[in-house]
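Below is one structure; the comments refer to it alone.
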Amino acid sequence: MFIRTCSSIWMIGALILAVYMGHLYIWALVVVIQLLMAGELFNFFRIAKEDIRLPGFRILNWYFFFTAMLFTYGCFLSQHLVNTITTDTILYELMSWIVKYQMFICYSLYIAGFVWFIITLKEEFKDYQFSQYAWTHMILLMMFAQSSFAVANIFEGIFWFLLPASLVIFNEIAAYFCGFFSRRTPLIELSPKKTWEGFIGAFVITILSSFLLANVFGRFLWLTCPRKDLSTGRLSCDPGPMFKPEMYSLPRWVPPWFPWNEIPIMPVQWHAVVLGLFASIIAPFGVFFASGFKRAFTPKDLGDSIPGVGCITDRMICQVSGYQTLILVNQQRSICLLQRFIFPYYNSSVIILRK
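Quick note, the sequence shown lines up with residues 403 to 757 if you use our numbering.
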């Protein structure tokens, strides 16, 4: 338990430090996590097929991984890179050329890897090699592609990275304690320790936490301002109407003794409720997916990257499953149905909380 506690404190400290340092350092943290997860998943199938050895085949797996990384981050961060390089004319022109032909370069690299794979096929190992080829692409699709959406969110504002990550953490902690004190009804056979009491209790706590955390995080420009380049300096911006409170009249069913008739709510808090719904209902099934997948093969665990906790894939599978949904929520700037249902009358003027 002591080692597990120390590991948890270390992980939380690393996240806080990365958030304090800025967007670029959070991106570096995400890349490190992706590398650790990819290493665990590549080794997972090799452990299950430990009787087969193919010298150099591991290099091909990582070749496809780094090609996917070049393609994905090239698409997400190409303009940020060009905006950063403005003083050196030659370097600027070189990077502009790379950005212009980035799609063709990545496609050529992938085709080269495909040809490499075909050349290395051996008659006695072809079944295993094709299964490894499929396994590598599944890792790129299910793990890397989804977790890479976090990077797009980071440069739109640390808020859009920190909020969903915090909600998943809140949900896991709440599910543990609610299930621990009222462990009665099993939720799913794949995870016998998960209970309906924990699931429902965590749902309520996560929704409330999402609404409150969005209000707290939305007050800091460091978290809400987007980053247009790869620098690490201070930020100053107009956060926009999403982070400016609006006056909402309380519904009629509120008791008359309540001291406020109107309350200020940031529009982003409605988006946070949607994220809370996803974090409490859908994200936990990422853990169930990992549990079922591990039980389908011989090894019980993916590794021991985190002392006392286990593999980093188990800890991060809930996180990576939600960032593509966040892209949709972030782009869909109106959650009118939800807010109109709860507050049918509101004044959109910006106000200060008053009694």
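Yeah, the Cβ is synthetic: ideal placement off N, Cα and C, and Gly gets one too.
Asked                                                                                                                        : Found
Identity of the residues DSSP links to residue 597 by a beta bridge                                                          : 588
CA-to-CA distance, residue 573 to residue 579, given in whole angstroms                                                      : 10 Å
Closest Cα partner of residue 511 within the set 545, 502, 467, 527                                                          : 467
Residue 583 versus residue 411 - alpha carbon distance                                                                       : 24 Å
Beta-carbon gap between residue 641 and residue 623 smaller than 9 Å                                                         : yes
Through-space distance from residue 465 to residue 531, alpha-carbon basis                                                   : 15 Å
Helix, strand or coil at residue 708 [DSSP, three-state]                                                                     : strand
Which listed residue (590, 633, 405) has its alpha carbon closest to that of residue 690                                     : 590
Three-state secondary structure assigned by DSSP to residue 520                                                              : helix
Bounding residues of the alpha helix (DSSP H) (the contiguous stretch that carries residue 530)                              : 528-541
Helix, strand or coil at residue 684 [DSSP, three-state]                                                                     : coil
Own chain, CB closer than 8 Å to residue 587, minus 5 neighbours either side, in chain order                                 : 597, 598, 599
Own chain, CB closer than 6 Å to residue 420, minus 5 neighbours either side, in chain order                                 : 427, 428, 431
Boundaries of the alpha helix (DSSP H) in which residue 649 is found, first to last residue                                  : Element bounds for residue 649: not the alpha helix (DSSP H) but the beta strand (DSSP E), 648-651.
Cβ pair count under 8 Å reaching 3, the segment 550-567 against the segment 617-635                                          : yes
Start-to-end residues for the alpha helix (DSSP H) that takes in residue 500                                                 : 491-502
Residue(s) in a DSSP beta bridge with residue 666                                                                            : 649
Integer Cβ distance of residue 519 from residue 462, believed to fall under 8 Å                                              : 6 Å
Which of helix, strand or coil DSSP assigns to residue 416                                                                   : helix
Neighbourhood of residue 637 by C-beta distance below 8 Å, restricted to the same chain and skipping five residues each side : 623, 624, 627, 629
Inter-residue spacing [alpha-carbon to alpha-carbon] between residue 570 and residue 491                                     : 44 Å
Burial state of residue 534, where buried means 16 or more other Cβ atoms lie within 10 Å                                    : buried
Local Cβ density within 10 Å of residue 526, reported as buried at 16 or more and exposed below that                         : exposed
contact_flag[the segment 546-556, the segment 660-671] where n(CB pairs < 8 Å) is 3 or more                                  : no
Cβ separation of residue 485 and residue 716, assumed to be a contact under 8 Å, to the nearest whole Å                      : About 37 Å; that fails the 8 Å criterion.
With 16 other Cβ atoms within 10 Å as the buried cut-off, status of residue 756                                              : With a pLDDT of only 33 at residue 756, under 50, the local geometry of the prediction cannot be trusted, and no value is derived from it.
DSSP three-state assignment for residue 620, whether helix, strand or coil                                                   : coil
Secondary structure of residue 640, DSSP reduced to three states                                                             : coil
Residue from 634, 682, 713 whose Cα sits closest to the Cα of residue 606                                                    : 682
Option nearest residue 457 by Cα separation, candidates 524, 405, 422, 487                                                   : 524
Same chain, Cβ closer than 6 Å to residue 473, five either side skipped, listed in chain order                               : 508
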